[in-house]
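Quick note on numbering: my numbering labels position 61 of the sequence shown as 62, and the sequence is numbered without any gaps.
All remarks here apply to the structure that follows.
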Amino acid sequence: GAHDYVVHSLHAERSGDVGYDTGAYNVTLRNRVVEGNYLVGVKRIDGRWKIVAHASVANPAEKP
């Protein structure tokens with residue numbers, strides 16, 4: 002499993018009851034680090050912010 006997970010928010014916005022956050026992440030595994038980008042969509046439901054959509058794409062692995 003993952004040993005360390007780091008998220009770097011690059012841009013977030015909100016309008017009314019919806020918002021989004023986009024940025025970069027890296028996950029440290031036993032023998033490698035996976036880096037990529039993400040997008041999270043949120044919506045205020047019953048007064049609480051809930052994640053309603055999430056997408057992440059890992060960067061291509063570097064060739065040795």
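The C-beta atom is built at its ideal place from N, Cα and C for all residues, glycine as well.
(message) Report the CB separation of Y6 from Y26 in whole angstroms; it is logged as a contact under 8 Å.
(response) 7 Å
(message) Less than 8 Å between C-beta atoms, sequence neighbours within five positions excluded: which residues of the same chain meet that for I52?
(response) The answer, listed in chain order, is V41, G42, V43.
(request) Going by DSSP, name the residue or residues bridged to L40. (result) T23, A56
(request) Might you give, ordered along the chain, the residues of its own chain that have their beta carbon closer than 6 Å to the beta carbon of N60, omitting 5 neighbours on each side? (result) E36, G37
(message) Distance check for A54 and I46, CA to CA, integer angstroms please.
(response) 14 Å
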